[in-house]
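Note that our numbering numbers the sequence shown so that position 7 is 11, with each residue one more than the last.
Input: a single structure, listed below in structure tokens.
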Amino acid sequence: LDESIPSVAAALADNALDRSDMTKFVGKIRRFSPSELLRLFGFPPHFALVDDDDDGPLRLQTQYKLIGNSINVTVVSILLYELIVL
Numbered sequence: 005l006d007e008s009i010p011s012v013a014a015a016l017a018d019n020a021l022d023r024s025d026m027t028k029f030v031g032k033i034r035r036f037s038p039s040e041l042l043r044l045f046g047f048p049p050h051f052a053l054v055d056d057d058d059d060g061p062l063r064l065q066t067q068y069k070l071i072g073n074s075i076n077v078t079v080v081s082i083l084l085y086e087l088i089v090l
């Protein structure tokens, strides 16, 4: 987990917001990108969703559905450990 912190910081620095006029963001909703969601769900930084067909990349809606149906393996393993061992 500690190894991913510099990569997250670097990604945020590369895509920094223009904070000179924050009033232009009032009332607007920003959605997480699929790569941001994958990081939040505990996937490694090099993980990527790939399409097994040759018809191009996955649609954004499909990526969101796939990520939404995934589970965090670390959390599940801790829960199973607590349920089985204790």
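Note that CB positions come from ideal geometry on N, CA and C, so glycine has one too.
Note that the structure is predicted; figures quoted are calculated from it, not measured.
Nearest to residue i by CA position, among the options, is which residue?
{"i": "Val77", "options": "Phe36, Leu42 and Phe29", "result": "Leu42"}
{"i": "Ser37", "options": "Gly72, Asp55, Leu90 and Asp58", "result": "Gly72"}
{"i": "Glu40", "options": "Leu90, Gln67 and Thr27", "result": "Gln67"}
Leaving out five residues before and five after residue i in sequence, what residues of the same chain have Cβ atoms less than 8 Å from its Cβ?
{"i": "Asp1", "result": "Residue 1 lies beyond the range of the chain shown here (5 to 90); nothing can be said about it."}
{"i": "Asp59", "result": "none"}
{"i": "Val79", "result": "Gly46"}
Write down the C-beta distance between residue i and residue j rounded to the nearest angstrom, noting that I regard them as a contact closer than 8 Å.
{"i": "Ser74", "j": "Phe45", "result": "6 Å"}
{"i": "Leu53", "j": "Leu70", "result": "6 Å"}
I'd like the list of long-range same chain contacts for residue i, defined as Cβ closer than 7 Å, with 5 residues on each side in sequence excluded.
{"i": "Phe29", "result": "none"}
{"i": "Leu87", "result": "none"}
{"i": "Phe51", "result": "Leu42"}
Leaving out five residues on either side along the sequence, give the residues of the same chain with a beta carbon under 6 Å from the beta carbon of residue i.
{"i": "Leu5", "result": "Interpretation of Leu5 is limited by its pLDDT of 47, a score under 50 that renders its predicted location unreliable; no figure is taken from the coordinates."}
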